[in-house]
Structure formats: C-alpha cells, structure tokens
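Notes follow once the structure below has been shown.
Number of protein chains: 2
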Amino acid sequence: MPSAGEDMDTWIEQDRTDRTSGAKRTRTSPDTGTLGKAVAVLDVVAQAERPMRFRDLREVIGQPPGTLHRQVSNLISEGLLQVNPDQSYGLGLRLLQFAARAWSGNRFREIAEPHLAALHDKTGETVHLGVLSDLEVIYLDKVESRQAVRMHSQIGNASPCYCTGVGKAALSALPTEDVEARAARIDFHRHTEHTLADAAALGAELADIRAAGIAYDREEHETGIHCVAAPIWSHDRSFVGGISVTAPSYRIAMAQLEHWADDVRAAAAAINADIEIRLGPRA
Amino acid sequence: MPSAGEDMDTWIEQDRTDRTSGAKRTRTSPDTGTLGKAVAVLDVVAQAERPMRFRDLREVIGQPPGTLHRQVSNLISEGLLQVNPDQSYGLGLRLLQFAARAWSGNRFREIAEPHLAALHDKTGETVHLGVLSDLEVIYLDKVESRQAVRMHSQIGNASPCYCTGVGKAALSALPTEDVEARAARIDFHRHTEHTLADAAALGAELADIRAAGIAYDREEHETGIHCVAAPIWSHDRSFVGGISVTAPSYRIAMAQLEHWADDVRAAAAAINADIEIRLGPRA
DNA sequence: AATGACGTTCCACTATATGGAATAAACGTG
DNA sequence: CACGTTTATTCCATATAGTGGAACGTCATT
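Structure below.
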C-alpha cells in the first residue's frame, strides 16, 4: 500500500498488485495501464510551455516512435488532442465539452452558487469556490465585480494548497494524519516572503484555522493579494473545499478581511448545511 | 475507407485495418481500442440526464461487470471520473484542469480575442467564437454585455451546425463535397419553425452564404434569437469556424443585423488575416 | 540531387485488457 | 432481524490489443 494520502477513493480501491515489481513509481497514480499512458501524453501537452511537436513529445514521454504515434493517433481520433496548423499538438475540443458538463453537473458548485453570489453582494469583492484535489486546489467557481478579468482565467485552474486561503481551509477539514501524509509530499515553494516554509509551519497554522473556522492567506501566494476563507465539506469528508473572499491589499486592509470573517464563516456553514441536506447520508 | 467526412485528420491517418471484420460501426470513431472504451464511459456519464450508478452504466455500456469496474476504476484513478456522495458518477475535476489549458492554449481563440472585443464594442451585443467539430459547433469564446448570464453556460457547449449562424458560416468555408458528406449524417431536428428542414435546404442556404460571405440565423435554433455570422478558417481549412453577433429579435431588428454584416465580415477577415500570418504555411 | 531528420507503417511478440465465475457488500422484504 | 436478492468487487486463465524494432515514406536542408 504505497501511500495513505488519498482517502476519497475508499469506495473503489485503486491499487492493484504491482506486476512490474521494482518499477520506479515517480508520482503518477497506481498503474492505470493504457489509459494512464494516454493521459500522461495529455498532461505533457497541457503542461508544456513551448509548442510540442512529435519529436518533443517523444523526448519527454520516452516511448518508441511507433508506440507514441499510435497513442497520439488514438487521442486525436477521440478528439482529446489536436494538431495545430504548425504541426504542434494542442488539447482537443472534446475536453472543453467534457469540462462544460463536468462544471454544470457538479453538485457542489450548484449548491454553493447562490451562497457565493450572496457573499459577493455583501462584500463587493471577488468570491471563489475551490475543492481540494490531492495537493492542489481546483477552482470551481468565481464571482467577481469587474468582468474585465476573464472567468476562464481561474476556473479549472489549480493552485497549491499550502499557500491559498481555500487550500488551507480545505486542509483544516481533514484529519491531522491525512494532512501530515499529504504535507510530506508537498514541495514548499516560497512564492512570497509570507509563504509557509514547511510542514511544521503548515501544521501550526492549521491548528489555528481549525480553532477559528477561518483561514487567511496573508499574501502567501501572490504579493499584494490576500483573502479570508472558510472550509466546506461533504458529510464523509470525501470532498473538502472552501470559499474565499479575495482582495488586493492596497485597497482592502487586513482588518476589513477580519471583519468579513463572520460572513464567510456563515456562508460556508450555510453551504455545508445545504450539502448535508442534498448530498447527505440519506439523501 | 468508410467515410470522407473527416478531412482534418489528413496528417495522421486514423483508420487501421479492421480486425473485427464484420463489426457494427455505429458512429463512434475508427477503433481506438482501450482508450475509446474509456472515453465512451466518460461520454455516457457526460450525456446522462439522471444520475448514473454502476448498474446504470453497465446497462448502457454493455460490458461485463468485471471489465466495466476496472475501466471505471482507472478513470477514477486518473481523476477523469468521480463518485458522488450518493454513489453516482460525475466527470472528474481533472477534466476542468485540462479544459482550462485547452482553452487558454488555443491559438484560434487567442488570435480572435481582440477582434471579438472590438466587434462587441461596435455592436454592444453578444459576440461568439465557435469552431466546427464534425457536425457540431463548439463555442470557444463569448463576449457579452451583461455578465449576469454566466460565461460557462456557453463555452465548451456544442450546438448543431445546421441551425446556428456560426455553424452555417463554418460549413460555407468547406468544399461542397465535404459539406454533402456531413449533411448526409445530420439529423435535421426542427428546433423552431424556421429551422432548415433537410440537406437540400442547407445546400441552397450555403450557396447564398458563400456568395455573401455572411450567414444569418433567423431564429432557426431558438425562437426569439437571431444572429449574423461570418466564417473563419485556417490556411488549409483543417479548422473552420465562425464569429457571430447575437441578439434577441424583440430588441434588435433583422435590418440592424444586416447593417452589422459589414462589421462582422470585416472582423472575420481581420481574424483570417491574423491566422494566416501567425499560423500560416510559413509561420 | 543527395543527405539527413522526422514521421509513419508493418508485424512478430508479449504485456494487458477481458469476462466468466466466485465472493462480498448493500439493499429491501417478509 | 434474518433471509433472499440485487448490486458491487475481486480473481484468474485466456485471448486480445498494445508494444517496439526495423523498414519505409516524406519533407527540409546543403
């Protein structure tokens, strides 16, 4: 049993007996066979900075040309991958379609939506909804004042859990053993001078957050941006996430964030109550 | 060679010698093996109206329990699928992450963006960017006045090509043989009383559109909504799409749309020029 | 025109997905 | 509350489907 990090998979066991016994398991998930290799390709294309052509892919993936070619062909046939006019690869449009459904079909998002809107009305600042996915927070929704900044710039994006309000709030909803297991795998990159430095600092911070029911991001991810956040969770904690009110520090003082804490906490509590009702044990 | 419909796959041939010789090929893509089965599962979950539990999936997919279970397990491990608290399946968050990248990394969208904004400034109405994907239009971007309507409600969504402005514009950029091949596969559902009834009507309409360089949707998809659209394309027509200005007919008269036609055509021409420069043969 | 790099196809081989059956867990019901 | 029934999960021999080396096109480069 490799790691006890994932507890949202209790229903379906995912670790199968490791056939390739001494194989290097870098980071990527318990053997998912052909599918795993396929999404590995997608991942490379998704993560890539510069345009990736066949040769570039080959270099990163390390598969022989014949094999890679077929994998890529299949992905293209399925619409998950595209060839740009300049023969570089891009993610396929089918992923957009899937995501549109994933988003609109997401029960958490649906339930949280009105509460986010209310919170935005009350504060006038940007409100986020995010859920924890392993070591990252994925933003599911966003309500903001000026539409100038595009919604898509955030939705679906992932940020580290240890330096965001939503991330720390989400972690605070997990049992400490679980947090410790995850923390051990975190690469604590120092984004700003306020970024938490290590697992110990995170653990201490989380204790405070649990006590208060509120998490602050004090410019820990991006200089000049801070936020108040509160945790939300499903009845069995298989999902944990959070909501936050984010603002630029030059305009909104820390004191103001603290003043909003009650509203944020209340909104989160309301969401949790709704979740309990609509997704609870006896839903 | 089964069908001449897909010409955006010339670079990578996707039809492999059919091992299962007399197999029924309903509609889904030329044998993509394990991957194909996996996305078939995703598709079922995505398309599903009611919540799908294991049993429901099994019924639709028609795979034996053991097999389906492993496929589902793998999808879950990869984050492409999730189990909701009520043990129904939903699309995974990883799809959101991929989509965020697919969107921000899309060259077409990137190039078109400023032109869409300009067109919106000029008209004050909602502007769309969509690309043709087989028989459907997938919306890549949207600029609208009131932010009340959520962006996500459209982005990534697919609409039929035969009853939307963008769709008809896109088709008009394809060679007639190609259009005919696709038209033969279209199910001409009568969304409104103005919806084109069959392939012949579509063909005639497309001739007009080609001549004018402008397509109208005269409440053909949704009653009370009409639009002006113009085609855009890549140098080799491997991608075709369109941009449109959409408005409710009660507020904006047809005459006004016709008045905007020149602007729409000009914007599309500008996008095409940009594409030629930045994605052209000698990019 | 010749060279070389890159991409694609082919086919014997074997790793991997398959599905039937057996097991376990959840569910409803008398 | 125990029973039968439905639904989900595990296991394993088998065969299918993915693999990768090598041979073949194809395009750019000198």
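So the protein sequences, as listed, match chains C and D.
Going by our numbering, the letters in the first sequence line up with residues 1 to 283, in that order.
Going by our numbering, the letters in the second sequence line up with residues 284 to 566, in that order.
For glycine and all other residues, C-beta sits at the position ideal for the given N, C-alpha and C.
Everything numeric in this text was worked out from a predicted model, so none of it was measured.
Host alpha helix (DSSP H) of residue i (start-end)
{"i": "Gly450(D)", "result": "448-455"}
{"i": "Ile232(C)", "result": "Counting along the chain, Ile232(C) falls outside any alpha helix (DSSP H), though it belongs to the beta strand (DSSP E) covering 225-233."}
{"i": "His294(C)", "result": "Outside the displayed range of chain C (1 to 283) lies residue 294(C), so it cannot be described from this structure."}
{"i": "Arg390(D)", "result": "390-406"}
{"i": "Gln47(C)", "result": "33-47"}
{"i": "Ala350(D)", "result": "For the sequence presented, residue 350(D) should be read as Thr rather than Ala. Looking at the DSSP string, the run of the alpha helix (DSSP H) that includes Thr350(D) is 348-360."}
{"i": "Leu376(D)", "result": "376-387"}
{"i": "Gly203(C)", "result": "199-212"}
{"i": "Glu463(D)", "result": "459-466"}
{"i": "Leu340(D)", "result": "337-344"}
Beta-carbon neighbours of residue i, restricted to chain D and to distances below 7 Å
{"i": "Thr32(C)", "result": "Asn357, Ser360, Glu361"}
{"i": "Leu42(C)", "result": "Phe381"}
{"i": "Arg107(C)", "result": "Asn367"}
Proximity winner among the options, relative to residue i (alpha-carbon distances)
{"i": "Gln63(C)", "options": "His226(C), Lys37(C), Ile76(C), Asn84(C)", "result": "Lys37(C)"}
{"i": "Val420(D)", "options": "Arg534(D), Asp546(D), Val523(D)", "result": "Val523(D)"}
{"i": "Leu489(D)", "options": "Arg333(D), Ala452(D), Asp500(D)", "result": "Ala452(D)"}
{"i": "Phe381(D)", "options": "Glu59(C), Ala247(C), Gln47(C)", "result": "Gln47(C)"}
{"i": "Val72(C)", "options": "Glu177(C), Val60(C), Tyr89(C)", "result": "Tyr89(C)"}
{"i": "Arg50(C)", "options": "Ile275(C), Ala204(C), Asp86(C)", "result": "Asp86(C)"}
{"i": "Ile243(C)", "options": "Arg251(C), Val228(C), Arg185(C)", "result": "Val228(C)"}
{"i": "Arg392(D)", "options": "His411(D), Thr315(D), Ser416(D)", "result": "His411(D)"}
{"i": "Ala487(D)", "options": "Arg473(D), His472(D), Leu454(D), Pro514(D)", "result": "Leu454(D)"}
{"i": "Ala184(C)", "options": "Ala100(C), Leu135(C), Asn84(C), Asp43(C)", "result": "Leu135(C)"}
{"i": "Gln154(C)", "options": "Thr34(C), Asp217(C), Thr246(C)", "result": "Thr246(C)"}
{"i": "Arg534(D)", "options": "Gly407(D), Asp557(D), Val328(D), Pro458(D)", "result": "Gly407(D)"}
{"i": "Asp208(C)", "options": "His191(C), Ile186(C), Thr176(C)", "result": "Thr176(C)"}
{"i": "Tyr422(D)", "options": "Leu91(C), Leu96(C), Arg101(C)", "result": "Leu96(C)"}
{"i": "Thr32(C)", "options": "Val343(D), Asn357(D), Asp326(D)", "result": "Asn357(D)"}
{"i": "Leu256(D)", "options": "Gly375(D), Val343(D), His472(D), Thr409(D)", "result": "What the structure shows of chain D is the stretch from 284 to 566, and residue 256(D) is not part of that stretch, so it cannot be assessed."}
{"i": "Asn367(D)", "options": "Met335(D), Glu559(D), Val426(D)", "result": "Met335(D)"}
{"i": "Leu93(C)", "options": "Leu374(D), Ala383(D), Leu376(D)", "result": "Ala383(D)"}
{"i": "Thr447(D)", "options": "Ile359(D), Thr478(D), Asp339(D)", "result": "Thr478(D)"}
7 Å Cβ cut-off: residues of chain C touching residue i
{"i": "Asn555(D)", "result": "Going along chain C, no residue has its Cβ under 7 Å from Asn555(D), so there is no contact; the nearest lies around 13 Å."}
{"i": "Arg384(D)", "result": "Ala46, Leu91"}
{"i": "Ala321(D)", "result": "Leu35"}
Contact list for residue i against chain D, beta-carbon separation under 9 Å
{"i": "Gln256(C)", "result": "Here the premise fails: no neighbours, minimum Cβ distance about 24 Å."}
Beta-carbon neighbours of residue i, restricted to chain C and to distances below 8 Å
{"i": "Val343(D)", "result": "Result: empty, since nearest Cβ-Cβ is about 16 Å, beyond 8 Å."}
{"i": "Leu378(D)", "result": "Leu95, Phe98, Ala99, Ala102"}
Segment limits, beta strand (DSSP E) that includes residue i
{"i": "Arg501(D)", "result": "498-501"}
{"i": "Thr475(D)", "result": "No beta strand (DSSP E) contains Thr475(D), which DSSP labels as neither H nor E."}
{"i": "Gln365(D)", "result": "364-366"}
{"i": "Pro443(D)", "result": "441-443"}
{"i": "Ser416(D)", "result": "409-416"}
{"i": "Ser88(C)", "result": "Unbroken run through Ser88(C): none, as it is neither H nor E."}
{"i": "Ile526(D)", "result": "523-531"}
{"i": "Ile438(D)", "result": "Premise fails: Ile438(D) is in no beta strand (DSSP E) and is neither H nor E."}
{"i": "Glu278(D)", "result": "For chain D, the structure presents residues 284 to 566; residue 278(D) sits outside this window and is missing."}
Cβ-heavy atom distance, residue i to the ligand GDP, below 8 Å
{"i": "Val322(D)", "result": "In terms of ligand content, the structure shown is empty, and the ligand GDP therefore cannot be addressed."}
Query raised in the report: Quick one: any contact between the region 214-221 of chain C and the region 159-177 of chain C, if contact means 3 or more CB pairs under 8 Å?
Result: yes
Query raised in the report: Do the region 197-206 of chain C and the region 224-236 of chain C meet, that is, are 3 or more Cβ pairs less than 8 Å apart?
Result: no
Query raised in the report: Counting Cβ pairs closer than 8 Å, one from the region 112-129 of chain C and one from the region 76-84 of chain C, do we hit at least three?
Result: no
Report task. Give, in chain order, every residue of the region 231-244 of chain C whose Cβ lies closer than 9 Å to some Cβ of chain D. Result -> Ser234, His235, Asp236, Ser238, Phe239
Query - chain D contacts made by the region 156-167 of chain C, where a contact means CB separation under 7 Å - result: Shown in chain order are the members of the region 156-167 of chain C whose Cβ falls below 7 Å from a Cβ of chain D: Gly156, Asn157, Ala158.
Query raised in the report: Touching or not, the region 377-392 of chain D and the region 339-356 of chain D, by the rule of three or more beta carbon pairs under 8 Å?
Result: Touching, no.
Requested in this report: For the region 537-552 of chain D and the region 400-416 of chain D, state whether three or more C-beta atom pairs, one from each stretch, are separated by less than 8 Å.
Outcome: Yes: at least three Cβ pairs fall under 8 Å.
Query raised in the report: If you measure beta-carbon to beta-carbon, which residues of the region 116-138 of chain C are closer than 8 Å to chain D?
Result: Val131, Ser133, Ile138
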